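Protein chains in written order, with this note's numbering: chain A, 3 to 350; chain B, 3 to 350.
So the structure is just underneath, and the comments pick up after that.
There are 2 protein chains.
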Amino acid sequence: MKKNKKDSKEQSKKKEVNYPNIAVLGGGSWATALVKILSENLDSLHWYMRSESAADHIRRYGNNPNYISAAELDPGKLQLTNDINSAVAACDWLILAIPSAFLVQELEKLQIPLKDKVLFSAVKGIVPESGQIVGEHLHEHFDIPYENIGVIAGPCHAEEVALERLSYLTLACADTDKAEIMSDCLQCDYINTAVSKDIIGTEYAAMLKNIYALAAGIAHGLGYGDNYQAVLMSNAIREMKRYVKRRYNIDRNINHSAYLGDLLVTGYSTFSRNRMFGNMIGKGYTVKSAMMEMNMVAEGYYATRSAYEIKKSFTKKVKTPIIDAVYGILYEKKNPRKEFAQLSEKMV
Amino acid sequence: MKKNKKDSKEQSKKKEVNYPNIAVLGGGSWATALVKILSENLDSLHWYMRSESAADHIRRYGNNPNYISAAELDPGKLQLTNDINSAVAACDWLILAIPSAFLVQELEKLQIPLKDKVLFSAVKGIVPESGQIVGEHLHEHFDIPYENIGVIAGPCHAEEVALERLSYLTLACADTDKAEIMSDCLQCDYINTAVSKDIIGTEYAAMLKNIYALAAGIAHGLGYGDNYQAVLMSNAIREMKRYVKRRYNIDRNINHSAYLGDLLVTGYSTFSRNRMFGNMIGKGYTVKSAMMEMNMVAEGYYATRSAYEIKKSFTKKVKTPIIDAVYGILYEKKNPRKEFAQLSEKMV
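What follows is the structure in structure tokens.
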């Protein structure tokens with residue numbers, strides 16, 4: 003992972019940089035945060051969201067009424083549309099910031115081929131329909147070569163971007179020139195960036211961390227405390243390292259921000275939906291009632307099934323006691339208390 | 003690091019195990035927690051504390067009036083004394099649980115040689131007078147061979163032991179047989195144990211984590227958020243790994259609970275004294291006024307100076323931007339805002 007720094011000379015030439023034409027697809031909090039960041043550097047960008055009324059509000063008042071509404075946006079720079087095809091047609095580079103649960107149905111609307119576009123995924127999680135991470139899904143279903151697929155990785159709560167609190171993003175792409183370009187687009191006063199080639203590892207880490215945040219929630223719901231949480235996270239990062247290594251074995255330091263940092267910001271966040279969902283499971287809610295109560299599905303729910311099924315396809319086995327425990331609880335109706343008691347004996 | 007598990011057969015023989023005679027030295031919260039844990043397995047143990055009135059209260063009511071008073075103790079098992087020599091004379095194994103700032107003055111009271119005793123340190127931090135970790139200090143100043151020196155490492159807040167919330171301890175000793183014995187003494191329903199040979203690494207990690215918790219406090223005081231905290235911790239564990247490797251280069255997984263877990267439980271605790279101290283520094287208090295306000299000195303304050311000075315003695319240099327920044331702020335009156343702005347550019 004390489005820190006990406008413009009020197010001051012480059013900074014002063016900022017206006018001369020030829021930024022690509024970028025469309026952000028999605029109207030949620032992470033999409034809104036990325037639009038805010040990109041607007042710091044770019045004079046113009048396209049932004050697709052389904053809700054015409056939200057788009058209207060942004061045009062009129064300069065903030066998203068539904069997500070991180072404290073984030074001030076410059077409507078003068080934004081080509082807002084609720085037609086995904088017009089945004090995609092206008093741009094060579096696309097940032098996908100659609101929740102993974104809706105990604106397939108949104109991409110089905112496309113009448114324009116994606117294969118010559120550069121796509122960066124800011125989706126955190128697995129595509130439920132294919133059980134794949136977004137990079138793999140795009141590569142396989144849309145014929146996009148890996149050199150044109152990138153990932154925007156945290157650790158980054160969108161809410162803190164709204165407050166312009168210093169945050170770090172990692173841009174991963176097999177073609178590091180493209181990662182550098184996206185890095186230039188995103189780097190600003192409150193965003194530091196790094197580039198990486200590890201698109202597969204970064205995406206899997208982002209997916210797995212949701213399972214570990216869910217596990218942290220279950221533990222909390224069951225009454226385990228901070229000592230246990232620290233042990234759980236320390237076991238989680240070792241499990242993540244083993245898993246990602248089996249999936250894609252390149253030289254990586256799992257303790258870099260894009261992996262460990264992303265795990266920590268989610269696993270220690272009390273606002274995380276995965277943690278909330280897990281907490282309800284730990285407190286005795288059934289999966290169904292927890293989903294109904296939350297009125298949504300936590301990413302970690304899908305991630306657990308996918309991670310579990312994908313690991314069964316590994317030629318060499320990998321020990322994943324945390325994923326196994328969460329899978330047993332969510333998909334095999336096992337008793338959370340018993341599963342975590344057994345898990346606790348496996349941790350060290 | 004090896005998980006230490008009694009099998010059920012051994013469990014059932016519990017009463018037959020010949021536990022050593024153990025004295026716990028110290029009357030604070032961690033000492034009290036260890037006494038509670040040891041009382042689960044041992045029928046009798048010696049406990050030295052300075053305060054006669056606290057000892058009296060424990061004898062009468064079965065709880066420590068000053069620290070983690072929710073922890074129920076069994077006075078029938080406890081040989082309480084305020085004479086350190088009588089406790090040390092009665093026992094072959096000693097557990098040091100005296101705050102490092104008072105360790106030297108307490109040990110000066112001893113009229114009994116320590117060199118044939120087995121000493122386990124539960125002290126978290128550096129001995130201010132020698133600038134050494136406790137193991138090194140005991141080895142050098144009391145002629146105790148490293149085979150007789152052990153460490154009891156967390157992650158473990160004493161408060162959660164009082165509540166019997168499942169926690170994990172690592173017992174480190176060059177002589178792993180002794181680590182195993184101490185592990186048998188401590189393992190119980192709410193304590194899982196592991197053994198390790200890495201006494202130096204474990205103690206340095208426990209010392210360094212206080213600096214990183216202090217840094218987390220400064221960052222919070224300066225207004226940085228959760229995204230930054232995750233990046234800081236992810237940089238801290240890499241810095242810790244480099245530092246400890248330079249100090250004592252053996253094969254270790256820095257992501258084990260005794261290192262990363264201990265860093266996380268402290269770095270994410272909002273009750274940590276190091277974090278509180280750092281927070282005040284970040285908010286603009288001078289070092290002196292923060293100390294006066296807190297009415298105590300945070301371990302991380304000493305640890306910062308020692309870690310900084312010790313690393314200067316390394317033959318090969320090691321990059322420690324976080325320690326350097328905290329040192330500059332605490333000991334060279336540098337501006338926290340500027341130091342952290344520079345530090346932020348070095349992190350990735």
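We put the CB at the ideal spot given by N, CA and C, even for glycine.
Predicted model, so just to flag it, every value in this text is computed and none were measured.
Query raised in the report: Hey, would you say Y69 of chain B sits closer than 8 Å to G30 of chain B, going by beta carbons?
Result: Reading the second sequence from its first residue, position 67 is the one you call residue 69 of chain B. Reading the second sequence from its first residue, position 28 is the one you call residue 30 of chain B. In terms of Cβ geometry, Y69 of chain B and G30 of chain B form a close pair [threshold 8 Å].
Query raised in the report: Is there at least one Cβ from chain B nearer than 8 Å to N194 of chain A's Cβ?
Result: Against the first sequence, residue 194 of chain A aligns to sequence position 192. Using a Cβ-Cβ cut-off of 8 Å, N194 of chain A counts as an interface residue toward chain B, since at least one Cβ of chain B sits closer than that to its own.
Query raised in the report: Should P67 of chain A be labelled buried (16 or more other beta-carbon atoms within 10 Å of its own) or exposed?
Result: Sequence index remark: in the first sequence, residue 67 of chain A carries index 65 (1-based). Burial call: exposed.
Report task. Tell me, please, whether the region 163 to 180 of chain B touches the region 218 to 235 of chain B by the rule of three or more beta-carbon pairs shorter than 8 Å. Result -> Fewer than three pairs of CB atoms, one per stretch, sit closer than 8 Å, so the region 163 to 180 of chain B makes no contact with the region 218 to 235 of chain B.
Query raised in the report: Closer than 8 Å, CB to CB, is D228 of chain A near chain B or not?
Result: Translated into the one-based positions of the first sequence, residue 228 of chain A becomes position 226. Taking 8 Å as the CB threshold, D228 of chain A lines the interface with chain B.
Report task. Tell me, please, whether the region 50 to 69 of chain A touches the region 201 to 219 of chain A by the rule of three or more beta-carbon pairs shorter than 8 Å. Result -> In this structure the region 50 to 69 of chain A does not lie against the region 201 to 219 of chain A, because fewer than three pairs of beta carbons, one per stretch, are closer than 8 Å.
Requested in this report: Counting only runs of 4+ residues fully inside the region 181 to 224 of chain A, write out the alpha helix (DSSP H) ranges in chain order.
Outcome: Secondary structure remark: continuous alpha helix (DSSP H) runs of at least 4 residues inside the region 181 to 224 of chain A, in chain order: 201 to 224.
Report task. Could you check the C-alpha separation between P130 of chain B and V299 of chain A for me, to the nearest Å? Result -> As a working mapping, residue 130 of chain B is identified with position 128 in the second sequence. As a working mapping, residue 299 of chain A is identified with position 297 in the first sequence. Rounded to the nearest angstrom, the two C-alpha atoms are 52 Å apart.
Requested in this report: Give, in chain order, every residue of the region 267 to 278 of chain A whose Cβ lies closer than 8 Å to some Cβ of chain B.
Outcome: So the list reads V267, Y270, S271, given in the order they occur along the chain.
**Report entry** Environment of K38 of chain B [buried if 16+ CB atoms lie within 10 Å]
**Finding:** On the second sequence, residue 38 of chain B is found 36 positions in, with the first residue counted as 1. By the C-beta density criterion, K38 of chain B is buried, having at least 16 other C-beta atoms within 10 angstroms.
Query raised in the report: Closer than 9 Å, Cβ to any Cβ of chain A: which residues of the region 198 to 214 of chain B, in chain order?
Result: Listed by position, the residues of the region 198 to 214 of chain B near chain A (Cβ gap below 9 Å) amount to none.
Report task. From the DSSP output, read off the bridge partner residues of I97 of chain B. Result -> Here residue 97 of chain B refers to the residue found at position 95 when the second sequence is read from its first residue. DSSP lists B:V26, B:F122 as partners of I97 of chain B.
Query raised in the report: Hey, how far is the Cα of G219 of chain B from the Cα of I256 of chain B?
Result: Walking along the second sequence from the start, residue 219 of chain B turns up at place 217. Walking along the second sequence from the start, residue 256 of chain B turns up at place 254. The alpha-carbon atoms of G219 of chain B and I256 of chain B are separated by roughly 23 Å.
Query raised in the report: So, helix, strand or coil for Y50 of chain A, using DSSP?
Result: Position 48 of the first sequence holds residue 50 of chain A. It is a strand residue.
Query raised in the report: Taking 8 Å as the CB-CB limit, is R307 of chain A close to chain B?
Result: Translated into positions along the first sequence, residue 307 of chain A becomes position 305. It does not: the Cβ of R307 of chain A has no partner Cβ on chain B nearer than 8 Å.
Query raised in the report: What residue does the beta strand (DSSP E) around I154 of chain A start on, and which one ends it?
Result: Taking the first residue of the first sequence as position 1, residue 154 of chain A is located at position 152. Unbroken beta strand (DSSP E) run through I154 of chain A: 151 to 155.
Requested in this report: For G263 of chain A, decide whether its Cβ has a neighbour in chain B, counting only Cβ atoms nearer than 8 Å.
Outcome: Residue 263 of chain A sits at position 261 when you count from the first residue of the first sequence. The C-beta of G263 of chain A comes closer than 8 Å to at least one C-beta of chain B.
Query raised in the report: Does R167 of chain A come within less than 8 Å of chain B when only Cβ atoms are used?
Result: Position 165 of the first sequence, counting from 1, holds the residue named residue 167 of chain A. Taking 8 Å as the CB threshold, R167 of chain A lines the interface with chain B.
**Report entry** Segment contact flag, the region 149 to 169 of chain A with the region 257 to 272 of chain A, C-beta cutoff 8 Å, min 3 pairs
**Finding:** Cβ pair count under 8 Å is three or more, so yes.
Query raised in the report: Does the Cβ-Cβ distance between A232 of chain A and V267 of chain B come in under 8 Å?
Result: The sequence position of residue 232 of chain A within the first sequence is 230, counting from 1. The sequence position of residue 267 of chain B within the second sequence is 265, counting from 1. Yes, the Cβ-Cβ distance between A232 of chain A and V267 of chain B is below 8 Å.
**Report entry** Paired residues, beta bridge with L173 of chain B - DSSP
**Finding:** Translated into the one-based positions of the second sequence, residue 173 of chain B becomes position 171. The partner list for L173 of chain B (beta bridge, DSSP) reads B:I154, B:V197.
Query raised in the report: Closer than 8 Å, Cβ to any Cβ of chain A: which residues of the region 216 to 227 of chain B, in chain order?
Result: Within the region 216 to 227 of chain B, the residues whose Cβ lies closer than 8 Å to some Cβ of chain A are G225, Y226, G227, listed in chain order.
Report task. May I ask you to report which of helix, strand or coil DSSP gives I146 of chain B? Result -> Start at 1 with the first residue of the second sequence, and residue 146 of chain B comes out as number 144. I146 of chain B carries a coil assignment under DSSP once its states are collapsed to helix, strand and coil.
Query - Residue environment, V90 of chain B, which counts as buried when at least 16 other CB atoms sit within 10 Å - result: Start at 1 with the first residue of the second sequence, and residue 90 of chain B comes out as number 88. Residue environment analysis places V90 of chain B among the buried positions, since at least 16 neighbouring C-beta atoms fall within 10 angstroms of its C-beta.
Requested in this report: Return yes when the Cβ of I239 of chain A is within less than 8 Å of the Cβ of L265 of chain A, no when it is not.
Outcome: Residue 265 of chain A sits at position 263 when you count from the first residue of the first sequence. Residue 239 of chain A sits at position 237 when you count from the first residue of the first sequence. At the C-beta level, L265 of chain A and I239 of chain A come within 8 Å of one another.
Requested in this report: May I ask which residues mark the beginning and end of the beta strand (DSSP E) holding Q81 of chain A?
Outcome: Within the first sequence, the letter at position 79 stands for residue 81 of chain A. Segment 80 to 83, the beta strand (DSSP E) holding Q81 of chain A.
Report task. State the DSSP-derived secondary structure class of I324 of chain A, mapped to helix, strand or coil. Result -> Residue mapping note: residue 324 of chain A aligns to position 322 of the first sequence, counting from 1. I324 of chain A sits in a helix when the DSSP states are folded into three classes.
Report task. Report the three-state DSSP secondary structure of V129 of chain B (helix, strand or coil). Result -> Taking the second sequence and counting its residues from 1, one reaches residue 129 of chain B at position 127. DSSP places V129 of chain B in strand when its eight states are reduced to three.
Query raised in the report: Would you report the Cα separation of K11 of chain B and A25 of chain B, rounded to the nearest angstrom?
Result: Position 9 of the second sequence, counted from the start, is the residue given in the question as residue 11 of chain B. Position 23 of the second sequence, counted from the start, is the residue given in the question as residue 25 of chain B. Caution applies to K11 of chain B, whose pLDDT of 43 falls short of 50 and renders its modelled position unreliable; the value that the coordinates give is listed next. The C-alpha of K11 of chain B lies about 28 Å from the C-alpha of A25 of chain B.
**Report entry** Where D186 of chain A falls, given that 16 or more other Cβ within 10 Å makes a residue buried
**Finding:** Looking up residue 186 of chain A in the first sequence gives position 184. In the assembly as shown, D186 of chain A is a buried residue. Its beta-carbon has 16 or more other beta-carbons within 10 Å.
Query raised in the report: Exposed or buried, what is T272 of chain B when buried is set at 16 or more other beta-carbons lying within 10 Å of its beta-carbon?
Result: Counting from one through the second sequence, the residue named residue 272 of chain B turns up at place 270. Its Cβ having fewer than 16 others within 10 Å, T272 of chain B is exposed.
Query raised in the report: What is the residue span of the alpha helix (DSSP H) that F360 of chain B lies within?
Result: Absent from the structure is residue 360 of chain B, since the part of chain B shown begins at 3 and ends at 350.
Query - Bridge partner(s) assigned by DSSP for I135 of chain A - result: The residue you call residue 135 of chain A lines up with position 133 of the first sequence. For I135 of chain A, which the question treats as bridged, DSSP gives the partners A:I128.
Query raised in the report: In its own chain, which residues sit with a C-beta less than 7 Å from the C-beta of D94 of chain A, not counting the 5 before and 5 after it?
Result: Taking the first residue of the first sequence as 1, we reach residue 94 of chain A at position 92. Taking D94 of chain A as the centre and dropping the five residues before and after it, the same chain places the C-beta of P22, N23, K119, V120 closer than 7 Å to its C-beta, in chain order.
Query raised in the report: By Cβ distance, which residues of its chain are closer than 6 Å to M235 of chain B, with the 5 residues on each side in sequence left out?
Result: As a first step, residue 235 of chain B must be located in the second sequence, where it is residue number 233. Here the set comprises G269.
Query raised in the report: What number of angstroms, rounded off, separates the C-alpha of A327 of chain B from the C-alpha of D253 of chain A?
Result: The sequence position of residue 327 of chain B within the second sequence is 325, counting from 1. The sequence position of residue 253 of chain A within the first sequence is 251, counting from 1. Cα to Cα, the separation comes out at about 30 Å.
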